[in-house]
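Below: the structure, in structure tokens.
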Amino acid sequence: MTAALDHAAAPAAPAAVPADWAGAAPAPIGVDQAFNGYVAATVVHALDRLGIWDRLEHDPLLDLRALAAETGPAVRERVLREVVRAAAGCGWLRLQDDGGTALLTTAGQEMIRMRGYFTWGVGGYAEVFAQAHRIVSGEAEFGTGVLRDEAMVALGSGQNDRSFMAGTLDEVLADVDFSTLADLGSGISARVSRVVGNRPGTRGLGLDISGPATELGHRTIAEAGLSGRVEAIRTDVLDVCHRAAHRDKLAEVDTVMSFFLLHDLLADPATRPHTFTRLREAFPSARTFVFADTMLRPDAEGAQTLPVFSLGYELAHALMGVPLHTKETYEELFAAAGLVPRRTVPFGTPHSWLYVLEAR
Ligand SMILES: C[S@@+](CC[C@H](N)C(=O)[O-])C[C@H]1O[C@@H](n2cnc3c(N)ncnc32)[C@H](O)[C@@H]1O
């Protein structure tokens, strides 16, 4: 991970792109890699939903008989063993004791760390990808006949946050003074809960359009013991911007965060040039905006290697009709709204940047 750029000290310094954002997966992708990758992705997600990765995280040795007994009364033990065998075939587990136990490998440890991508892709977008041909032909449309699983999208983002983004955000927020924080597109409210929980005396709001994600958010807040300090509200952030929904609560917010939502807010070309100005107006007391999003890969066409995530992110949004933008476009839109970058930091997922912006 490269160091953050401090724009107060060096306003025009170009940001360095982390080397791993180019990826190591070769393009062209071979037939065997493509097919096995597809199956392997479903296996990662199955292990996640069955709680097997969680178990392995705590104890790298899995007793398959105990696993079957604890998976539920209707468990199909033979199928469960086959799913575990498939994970072993992918090299993430090593079967031992005539298949009675499975040991987590180093590659499996890495998969646990990165499994949020699979919750996002397989859990969240499987139907969108599977219906790509019907979306293209005009037989189906995203949002009516074809849906994503919003709770899985939010859960996958939350898993990735915990695994490899939280440290960067905490380091960046250490320099930000706040008392009331709003997180736009807060998903399961994990991030706003963690940030508020770590700073005594602060309060937080998590705003998200998704009913299922907001429900999970209520649970996250209660489990973190933050009821009364953090509130999850189901709302469309565009209503907050354009129709001043929840005006009273938002008036107290001094710092606004948003992670991996901005591209949705910028989808409509008619409102795009003014979206950040409207956001500033919706939060009249906010002086600091902490924004992160995944941006278009520069030079994607000629790339000889692929990183994790980018291809899926770009295709999923194309199928949903949501345009993506370059880093330069974000920076032009920030500037037009009087939002001046104080810091710009690479943010874990390839081609994702975190900005601390000052409202001037
Ligand atoms: C990719 S997820 C990111 C979740 C979370 N910020 C994170 O980083 O873990 C995007 C979230 O934005 C929410 N969302 C999308 N459009 C929205 C809108 N117009 N208003 C509020 N939330 C929205 C989705 O429901 C989803 O939870």
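Sequential numbering of the sequence shown, starting at 15, is according to this note's numbering. Backbone N, C-alpha and C define an ideal beta-carbon position, used for all residues, glycine too.
Please return the same chain residues whose Cβ sits closer than 7 Å to the Cβ of residue i, not counting the five positions on each side in sequence.
i: LEU75; result: THR115 and LEU117
i: GLY225; result: ARG248
i: ALA22; result: Confidence in ALA22 is poor, its pLDDT being 45 and thus under 50, which makes the residue's placement too unreliable to answer from.
i: TYR100; result: First, the amino acid is wrong: residue 100 is Ala here, not Tyr. Correct list, in chain order: VAL57.
i: ARG129; result: VAL58, ASP62, TRP67 and GLN173
i: PHE180; result: Rather than Phe, the amino acid found at residue 180 in this sequence is Ala. Counting only Cβ-Cβ distances below 7 Å, and skipping sequence neighbours, we find ARG208.
i: SER299; result: ALA265, GLU266, VAL267 and ASP268
i: ARG292; result: CYS255 and HIS256
i: GLU91; result: ALA82
i: GLY211; result: ALA238 and LEU240
i: MET125; result: VAL58 and TRP106
i: VAL336; result: HIS277, ASP278 and ALA281
Quick check on residue i: does DSSP put it in helix, strand or coil?
i: GLN110; result: strand
i: ARG374; result: coil
i: GLU237; result: helix
i: SER224; result: coil
i: MET125; result: helix
i: PRO287; result: helix
i: LEU275; result: coil
i: ALA246; result: strand
i: ALA259; result: coil
i: ALA82; result: helix
i: SER299; result: coil
i: ALA38; result: coil
i: THR182; result: helix
i: VAL270; result: strand
i: HIS365; result: coil
i: VAL210; result: helix
i: PHE323; result: coil
i: GLY135; result: helix
i: LEU70; result: helix
i: PHE192; result: coil
i: VAL354; result: strand
i: ARG162; result: coil
Determine the direct distance from the alpha carbon of residue j to that of residue i, and round the result to whole angstroms.
i: GLU342; j: HIS232; result: 36 Å
i: CYS104; j: GLY201; result: 31 Å
i: GLY239; j: GLY122; result: 32 Å
i: ASP222; j: ASP111; result: 47 Å
i: VAL190; j: ASP184; result: 10 Å
i: TRP134; j: GLY218; result: 25 Å
i: LEU169; j: LEU338; result: 22 Å
i: ALA38; j: GLY86; result: 39 Å
i: THR308; j: HIS365; result: 5 Å
i: GLU346; j: LEU64; result: 44 Å
i: ALA196; j: ARG205; result: 11 Å
i: ARG79; j: ALA102; result: 16 Å
i: GLU328; j: LEU320; result: 12 Å
i: VAL390; j: VAL45; result: Residue 390 is absent from the structure shown; the chain starts at 15 and stops at 374.
i: ALA259; j: VAL304; result: 21 Å
i: ASP163; j: PRO40; result: 30 Å
i: VAL209; j: VAL150; result: 41 Å
i: TRP367; j: ARG95; result: 41 Å
i: ARG213; j: GLY199; result: 21 Å
i: ARG108; j: HIS72; result: 17 Å
i: ASP34; j: LEU325; result: 15 Å
i: VAL359; j: ALA82; result: 44 Å
i: SER272; j: VAL186; result: 14 Å
i: ARG148; j: GLY137; result: 20 Å
i: HIS288; j: VAL251; result: 14 Å
i: GLU237; j: LEU310; result: 36 Å
i: LEU230; j: TYR139; result: 19 Å
i: ALA306; j: VAL370; result: 9 Å
i: GLU245; j: HIS277; result: 24 Å
i: ARG243; j: VAL354; result: 29 Å
i: GLY220; j: ALA281; result: 21 Å
i: PHE348; j: ASP175; result: 24 Å
i: ARG294; j: ALA188; result: 23 Å
Suppose the cutoff is 8 Å on Cβ atoms and the five residues either side in sequence are ignored; what does the same chain contact list for residue i look like?
i: ARG301; result: ASP268, THR269, GLU372 and ALA373
i: MET334; result: VAL142, PHE156, GLY157 and ARG162
By Cβ distance below 6 Å, which residues in the same chain neighbour residue i in space, the five residues on each side in sequence not counted?
i: PHE132; result: ALA55, VAL58 and HIS59
i: GLN145; result: ALA154 and VAL160
i: SER177; result: ARG127
i: THR234; result: ILE202, SER203, ALA204 and SER207
i: THR194; result: ARG217, GLU266, VAL267 and ASP268
i: VAL53; result: none
Could you check whether the Cβ of residue i sits closer than 9 Å to any Cβ belonging to chain C?
i: PRO283; result: Here chain C cannot be found, since the structure has a single protein chain.
Checklist entry - Is the number of C-beta pairs between the segment 308-323 and the segment 256-267 that are closer than 8 Å three or more? => result no
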